[in-house]
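Worksheet: one structure, shown below.
2 protein chains.
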Amino acid sequence: MKILVNPARGEWKSELARPVQKSKDIEKIVKPIMRKVKRQGDKALKKFALEYDHVSIKNLLVSREEIATAKLLVSEELQKAIIQAKVNIEKFHEAQQTPDLIMETMEGVTCMRKTVGIQKVGLYIPGGTAPLFSTVLMLGIPANIAGCEEIVLCTPPNKEGNIHPAILFTADLIGIDKIIKVGGAQAVAAMTYGTESVPSVDKIFGPGNQYVTAAKQLAVKKGVAIDMPAGPSEVLVYADESAIPSFVASDLLSQAEHGIDSQVILVASSEKIAQRVMQEVNTQVEKLARKEIAKRALENSVAVVIPNQDKAIDLINDYAPEHLIICVNEADEEDVVSRIKNAGSVFIGNFTPESAGDYASGTNHTLPTYGYARNYSGVSLDSFTKKITYQKISEKGIQNIGPTIEIMAENELLEAHKNAVTIRLNYLKENQ
Amino acid sequence: MKILVNPARGEWKSELARPVQKSKDIEKIVKPIMRKVKRQGDKALKKFALEYDHVSIKNLLVSREEIATAKLLVSEELQKAIIQAKVNIEKFHEAQQTPDLIMETMEGVTCMRKTVGIQKVGLYIPGGTAPLFSTVLMLGIPANIAGCEEIVLCTPPNKEGNIHPAILFTADLIGIDKIIKVGGAQAVAAMTYGTESVPSVDKIFGPGNQYVTAAKQLAVKKGVAIDMPAGPSEVLVYADESAIPSFVASDLLSQAEHGIDSQVILVASSEKIAQRVMQEVNTQVEKLARKEIAKRALENSVAVVIPNQDKAIDLINDYAPEHLIICVNEADEEDVVSRIKNAGSVFIGNFTPESAGDYASGTNHTLPTYGYARNYSGVSLDSFTKKITYQKISEKGIQNIGPTIEIMAENELLEAHKNAVTIRLNYLKENQ
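Protein chains in written order, with the UniProt record's numbering: chain A, 1 to 432; chain B, 1 to 432.
The following block contains the structure:
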């Protein structure tokens, strides 16, 4: 992790460049997978399970028995923790509900807006080294609150053909009963096209490796919506002399351990702080089980020293971090936070580690990475809904607004649009 | 427009299939355009203006003088109509503001959510046969309310190198001063990469032909967000015996005149109603200036007779129309409306023509077509914002929530995530 002192504005982009993602080669591998699942359905899913997960799956759908057994395999301590996290996440996402909007814009012209749950949603939970039951909470809870009628969860089986018990426990806890043993691009394909076991869905959520990401992009071309474009996870910590260096280092490392393509950025108000944090990083990283991953991620990473606060905030907004931790003295805190324009989620103060939001505080952990915080929001209740507008115009109302519409339509040379009003106005003239 | 009586559920999809869109060939034309604009900037834009718009453009940016002159060329009547529409659209979109959310999910754990305007947005307004000043209102007004810092408007010049005065008048009315004379895929390319005259933006909005649509899709690959996937416009009218056939016909035609690839669907509760509407369509279409376009669109269109209301509603939700007009007897109206799950915008009753929402009632006219009403909302204030979450945890708070995070992180095998909490809890133990 190199230290850059006061780099010129023109260098920000190149110095803080994120690891490049190659998508073309991956697409070439994923396209035939999508095609096979479309044509062969479950048969293809079982074939891919054998090929990629090295397991022969009889029933793709997880049975009630498997779910019941799973509960016995999750420690009481972990069950309690998951339930606590669920309570917090539910509170914060329930509070995101949008009230119906109804107003008369002119006399007799009533406009409305209602929020309706997307009918069928698919949640992808990756397998791999860790069982991401936290992501089951982050996606399943808002899907429930939104009133999605069908929630499908796809996740890859292990070599014994099982799903990690903590994932089954969590899914069951929030009432998801359609859990399918399928991972990778083939899971996304199944939710896109539908198979005998997997219903097709309207929107696909969830993280995944490059194959899953590529498959989600292809799903978009087939009319399925996705949560957001994906990229490796990242954190930016903005620290001044009030930050505790060992805390900052622990936050940088909790991002670095995610993967070798993760990026962590420290923006420090002085070289002294940057040096002290670096020392702590070097000490703490050695103790980590995933230290080899973290060290590789640190190679993509940089500490930037920017004494000027305005300039530091500009750099942060330019970079648009997925996670932003702000540890500045209390007098400045509110002002600095209020000037953040581009970030996925913001963690304020010395006692707010990113992992709080990753797991249990209540905010969602599915966030825009790779600079997409400029133009995308993280997953929220909104992600599982769409908003439909309505209008009802009375006889009086069309008489009020009709002439305006007629003139505008005429000037846009859309005669039939005008006629739709004129015919009504004439009818009212004749029948009054 | 053929009449189908009570088609089986299995036939809905094929009978109501939308006109196919070919994107591959278009992409081949658009890619080199994007590349040239990226490399040559304004020079490429001027070259394309010569090639496609048959005009030599000196200054791509519309001058203050041009805007001042435009105002003199717009009739007072049209000015008044545009101002009235603006008032209504502003009212309805201002009411869409989301209040900040702040809550303590546990003692000492404060979670927040704020709405922040996307910094730089680009609005594309097509040229062609009609000057779509209404779209300037529909995109520019919410962009303003959202607090977008930079709003760029691109629209193609005519053969004299001018922009239609009504477009300039409307843009000026809502305070957009960066109006660029550039159309087609090259406009989207300019807003994606930026040129000397056109700033790059974070999100691109607006309708357009197939080239514009293809360019927007390519822009997405470059990290720019877009409003929604595009498709030809469509309306579905659901009419029972209480509907006035001439009104229904006028609404069907006001959609059919949009383009030869538009689709209009009538769902009628009886064959008699369908027949009477068809008669009216055949009479009214002959009087239209755009009758050739409308007739071609009617070839893609179908009247479906479904006496059973439940089944009719199922068909509507399956089709997911961009515009849905509901003309049923008043006793059923509320119930029918409440059961609509998939639609862009809903128009209720005999005196609510679609053109009201297209122009002036207050709702937005940029809506999901082509079945995307299943998984996308229309453009609203939300489209111009992103929601950022925040959290601040106190010393007491991390002591409350810390153990939950530690257990979850440990079970996801993310040790550094756990450490970020442990190091803080230990610090507090030592310093208390």
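Glycine included, C-beta positions come from ideal geometry on N, C-alpha and C.
Cross-chain neighbours of residue i in chain B, by beta carbon under 9 Å
| i | result |
| --- | --- |
| residue 290(A) | 413, 414, 415, 416 |
| residue 294(A) | 416 |
Identified DSSP bridge partners for residue i
| i | result |
| --- | --- |
| residue 123(B) | 153(B), 205(B) |
| residue 110(B) | 104(B), 392(B) |
Where residue i sits in the DSSP three-state scheme
| i | result |
| --- | --- |
| residue 324(A) | strand |
| residue 160(B) | coil |
| residue 244(B) | coil |
| residue 115(A) | strand |
| residue 48(A) | helix |
| residue 257(B) | coil |
| residue 135(A) | helix |
| residue 386(A) | strand |
| residue 226(A) | strand |
| residue 431(B) | coil |
| residue 436(B) | Not covered by the structure: residue 436(B). The range shown for chain B is 1 to 432. |
| residue 319(A) | helix |
| residue 11(B) | helix |
| residue 71(A) | helix |
| residue 403(A) | helix |
| residue 142(A) | helix |
| residue 188(A) | helix |
| residue 422(A) | helix |
| residue 309(B) | helix |
| residue 411(A) | helix |
Residue range of the unbroken beta strand (DSSP E) whose run includes residue i
| i | result |
| --- | --- |
| residue 198(B) | Looking at the DSSP string, residue 198(B) is not in any beta strand (DSSP E), and its letter there is neither H nor E. |
| residue 280(A) | From DSSP, residue 280(A) is part of no beta strand (DSSP E) but of the alpha helix (DSSP H) over 271–285. |
| residue 266(A) | 263–268 |
| residue 3(B) | 2–5 |
| residue 347(B) | 345–348 |
| residue 181(B) | 178–181 |
| residue 236(A) | 234–239 |
| residue 304(B) | 302–305 |
Delimiting residues of the alpha helix (DSSP H) encompassing residue i
| i | result |
| --- | --- |
| residue 63(B) | Premise fails: residue 63(B) is in no alpha helix (DSSP H) and is neither H nor E. |
| residue 354(A) | 354–359 |
| residue 173(B) | 165–173 |
| residue 57(B) | Premise fails: residue 57(B) is in no alpha helix (DSSP H) and is neither H nor E. |
| residue 32(B) | 24–40 |
| residue 211(A) | 210–221 |
| residue 78(A) | 76–94 |
| residue 333(A) | 330–338 |
| residue 297(B) | 291–299 |
Residues that residue i contacts on chain A, provided the C-beta gap is smaller than 9 Å
| i | result |
| --- | --- |
| residue 1(B) | Result: empty, since nearest Cβ-Cβ is about 15 Å, beyond 9 Å. |
| residue 88(B) | 105, 106, 109, 111, 401, 404 |
| residue 328(B) | Near residue 328(B) there are no residues of chain A at all, since even the closest Cβ is about 12 Å away, more than 9 Å. |
Amino acids of chain D, ordered along the chain, whose beta-carbon sits closer than 9 Å to that of residue i
| i | result |
| --- | --- |
| residue 131(B) | In the structure shown, chain D does not exist; the protein chains are A and B. |
Within chain B, the residues that residue i reaches when beta carbons sit closer than 7 Å
| i | result |
| --- | --- |
| residue 353(A) | 420, 421, 424 |
| residue 84(A) | 404 |
| residue 97(A) | The premise fails here: residue 97(A) is roughly 10 Å from chain B at the closest Cβ pair, so nothing lies under 7 Å. |
| residue 202(A) | 374, 375 |
| residue 101(A) | 95, 96 |
Residues that residue i contacts on chain B, provided the C-beta gap is smaller than 8 Å
| i | result |
| --- | --- |
| residue 251(A) | 420 |
| residue 247(A) | 420, 423, 424, 427 |
| residue 408(A) | 78, 81, 82, 85, 133, 134, 359, 360 |
| residue 495(A) | This structure cannot settle anything about residue 495(A), because the visible part of chain A is limited to 1 through 432. |
| residue 395(A) | 351 |
Cross-chain neighbours of residue i in chain A, by beta carbon under 8 Å
| i | result |
| --- | --- |
| residue 205(B) | By Cβ distance, chain A contributes nothing, its closest Cβ being about 11 Å from residue 205(B), past 8 Å. |
| residue 209(B) | Near residue 209(B) there are no residues of chain A at all, since even the closest Cβ is about 16 Å away, more than 8 Å. |
| residue 364(B) | 389 |
| residue 356(B) | 109, 391, 393, 398, 401, 405, 421 |
| residue 20(B) | Those do not exist, as residue 20(B) stays about 13 Å from chain A at its closest Cβ, beyond 8 Å. |
| residue 343(B) | 388 |
| residue 371(B) | 223 |
Contacts that residue i makes with chain A (C-beta to C-beta distance below 7 Å)
| i | result |
| --- | --- |
| residue 339(B) | Residues of chain A passing the Cβ test: none, with the nearest at roughly 11 Å. |
| residue 392(B) | 348, 349, 352 |
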